[in-house]
Structure formats: structure tokens, C-alpha cells
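Chemist: Below is the structure I would like to discuss, written out as C-alpha cells.
In my numbering, the protein residues as written are 5 to 279.
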């Protein structure tokens with residue numbers, strides 16, 4: 005049914021207002037990143053800079069913002085890949101095999117309990133473990149520490165996708181002579197791909213924004229991630245707004261670009277998870 009012209013215009017105006025509402029913080033960050041320090045100190049500071057300057061961005065590059073971005077990319081990507089691999093195998097095992105005495109339910113409850121624990125409860129044991137493994141102040145150790153956040157989430161989210169997959173597909177592949185790893189590669193993974201992508205996005209966001217474990221386990225500035233780097237621009241005496249907005253944009257763009265590129269898989273993953 006075709007909508008009346010006035011209703012179409014009204015809907016377009018509502019969508020435009022909603023788009024403006026959600027993009028306004030990003031536009032404000034973009035404008036603030038090019039303002040001078042004098043404009044921030046003024047009570048009547050305009051929305052757009054009166055004099056565009058690159059001083060804040062130059063300071064970020066001089067202080068090693070790109071190196072911290074690289075560290076964050078490595079840690080977030082490594083933690084996400086490790087969580088997806090182990091979480092998918094655990095979810096497949098729980099969905100396809102029977103365990104005696106309801107041990108699968110007990111295992112899932114333990115995983116959920118670890119996820120619900122306050123981070124400080126596991127911070128000290130993790131510190132001792134990483135120290136014994138000589139992984140303190142290393143990106144590899146931080147990837148392992150992030151599994152406390154990311155792995156339980158991956159197991160619970162991927163479990164529903166594996167359970168929703170028809171078992172008949174695997175049985176047909178098994179009758180054709182496919183081994184377990186072949187069924188996983190050519191049957192299970194393609195069917196569960198939307199769920200894997202949806203899980204990867206949320207896991208990446210969690211690992212990208214994590215602050216507490218990075219603060220506790222990283223000791224040298226060369227190993228810092230972006231959340232720790234951002235905290236340096238908020239001091240007791242002054243907040244460096246230009247640098248803060250610039251690094252905020254720098255830290256947001258990679259996740260936004262990845263999410264925008266694979267949004268079709270993300271929507272398919274949500275639809276599959278609701279069936």
C-alpha cells in the first residue's frame with residue numbers, strides 16, 4: 005500500500021531527526037578535535053571551530069597514539085580469535101554430545117558464574133598466574149586475561165546457534181564419509197557463520213574497551229592500549245579536550261568500520277538467533 009505524500013515526508017523527517025540525534029556526538033567529537041585550547045576555555049565556545057588547528061592531532065601522534073592503536077588491535081583481535089575458536093568447540097561439544105549426571109548444565113552454570121563475577125575477584129589470581137607464566141606486561145598475557153570476559157560470552161552465544169543448526173545436515177555429511185573436522189569445516193561453520201560474526205563483533209567491542217585488566221597487567225607505556233592512553237588526557241589539574249576528542253575518534257573508527265562492513269552478517273546472526 006502506497007503511503008500518502010505527506011506521510012512519506014513525515015517519515016523522512018523523522019528518520020532525518022533520528023539520524024541527526026545519533027550522529028550528533030560523533031560530529032561534536034570531530035569538531036572538538038580541531039579546536040584550539042583557547043576555544044575550550046571560553047564559556048561561549050561555538051559548536052564548530054572558529055580557527056581550525058591540527059595541534060591536538062599532532063600531539064597525539066607525537067605521544068605514540070598509533071603504537072597504542074596497534075597494541076589495541078593486536079590484543080582485541082587475538083582475544084576475539086582465541087575466544088571464538090575455543091568457544092565454538094565448547095559450544096559444539098555441549099550441543100552435540102550427552103554428558104552423564106547433567107555435567108553439561110553444571111559446566112554452563114560455572115561459565116555463567118565466572119562471567120557474573122566482579123572483575124576484582126579474579127584480578128589477583130590472574131595476576132599470580134600471569135606472573136608465574138612470565139606473561140605480565142605483555143600483549144599475549146593480556147589476551148589470555150581477557151578470556152575471563154570474552155570466553156563465557158562466546159560459549160553461551162554460540163551454543164544457541166549450534167543447537168539451531170539441523171542435525172540432519174551433519175548426518176548426511178557423515179553418511180557421505182566426511183570426518184568430524186570435515187563436517188565442522190564444510191557444514192557447521194558455513195551454517196553458523198552469521199552467528200560467529202555477530203559473536204565476534206560483540207567480543208571485539210568488549211576486548212577493545214577493556215580498561216581494568218590492562219591497567220593492572222601492563223606496566224610500561226610502550227605496551228599500553230588505547231583505554232589506558234586515553235586516561236592520560238584527564239588529569240587532576242586539566243582535561244585536554246582536543247586530544248581527548250581526537251583519540252576518541254581514533255579509537256571508535258576501527259570498530260565502526262568493521263561493524264559497518266559486516267552488518268549484513270550481523271543482522272542475519274540476530275535473525276538466526278531468534279528462530
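Glycine residues also receive a C-beta, built at the ideal position from the N, C-alpha and C atoms.
Check residue 27 in the structure and name its three-state DSSP category.
Modeler: Here residue 27 refers to the residue found at position 23 when the chain shown is read from its first residue. Three-state result, residue 27: helix.
Chemist: For the alpha helix (DSSP H) that contains residue 247, what are its first and last residues?
Modeler: Position 243 of the chain shown holds residue 247. Segment 245-265, the alpha helix (DSSP H) holding residue 247.
Chemist: Is the segment 187-196 touching the segment 118-137 in the sense that three or more CB pairs, one from each, lie closer than 8 Å?
Modeler: no
Chemist: Between residue 222 and the rest of its own chain, which residues show a CB-CB distance below 8 Å, the 5 nearest in sequence each way excluded?
Modeler: Here residue 222 refers to the residue found at position 218 of the chain shown. Excluding residues within five positions, the ones whose Cβ falls inside 8 Å are 141, 146, 228, 229, 232.
Chemist: May I ask you to report which of helix, strand or coil DSSP gives residue 121?
Modeler: Start at 1 with the first residue of the chain shown, and residue 121 comes out as number 117. Here residue 121 sits in coil by DSSP.
Chemist: Could you compute how far the alpha carbon of residue 264 sits from the alpha carbon of residue 13?
Modeler: Looking up residue 264 in the chain shown gives position 260. Looking up residue 13 in the chain shown gives position 9. In a straight line, the C-alpha of residue 264 is about 27 Å away from that of residue 13.
Chemist: Report the residue ranges of all alpha helix (DSSP H) runs contained in full by the segment 104-176; include only those spanning at least 4 residues, in chain order.
Modeler: 107-120, 123-136, 143-149, 151-168
Chemist: Taking only the alpha-carbon atoms, compute the straight-line gap between residue 278 and residue 200 and give it to the nearest angstrom.
Modeler: Within the chain shown, numbered from 1, the residue matching residue 278 stands at position 274. Within the chain shown, numbered from 1, the residue matching residue 200 stands at position 196. Here the model assigns residue 278 a pLDDT of 46, short of 50, so the residue's position is not dependable, and the following value carries that caveat. Approximately 15 Å, taken between the alpha carbons.
Chemist: Take the Cβ of residue 243 as the centre, count every other Cβ of all protein chains shown within 10 Å, and call the residue buried at 16 or more, exposed below.
Modeler: Indexing the chain shown from 1 puts residue 243 at position 239. It is exposed - the Cβ of residue 243 has fewer than 16 other Cβ atoms within 10 Å.
Chemist: How big is the Cα-Cα spacing for residue 123 and residue 150?
Modeler: The count along the chain shown starts at 1 and reaches residue 123 at position 119. The count along the chain shown starts at 1 and reaches residue 150 at position 146. Rounded to the nearest angstrom, the two C-alpha atoms are 11 Å apart.
Chemist: So, with DSSP's three-state summary, where would you put residue 279?
Modeler: Here residue 279 corresponds to residue number 275 of the chain shown, with the count starting at 1. In this prediction, residue 279 has a pLDDT of 49, which is less than 50 and means its spatial position is unreliable; what the coordinates show is noted afterwards. In this structure, residue 279 counts as coil in the three-state DSSP scheme.
Chemist: Tell me the rounded alpha-carbon separation between residue 9 and residue 185.
Modeler: Residue numbering aside, residue 9 sits at position 5 when the chain shown is read from its first letter. Residue numbering aside, residue 185 sits at position 181 when the chain shown is read from its first letter. Straight-line Cα distance between these residues: approximately 57 Å.
Chemist: Beta-carbon separation of residue 53 and residue 39 under 8 Å?
Modeler: Position 49 of the chain shown, counted from the first residue, corresponds to residue 53. Position 35 of the chain shown, counted from the first residue, corresponds to residue 39. Against a cut-off of 8 Å, the Cβ pair of residue 39 and residue 53 comes out as a contact.
Chemist: Could you say if the segment 79-86 and the segment 205-214 meet the contact criterion of at least three C-beta pairs nearer than 8 Å?
Modeler: Counting Cβ pairs under 8 Å, three or more are found: they touch.
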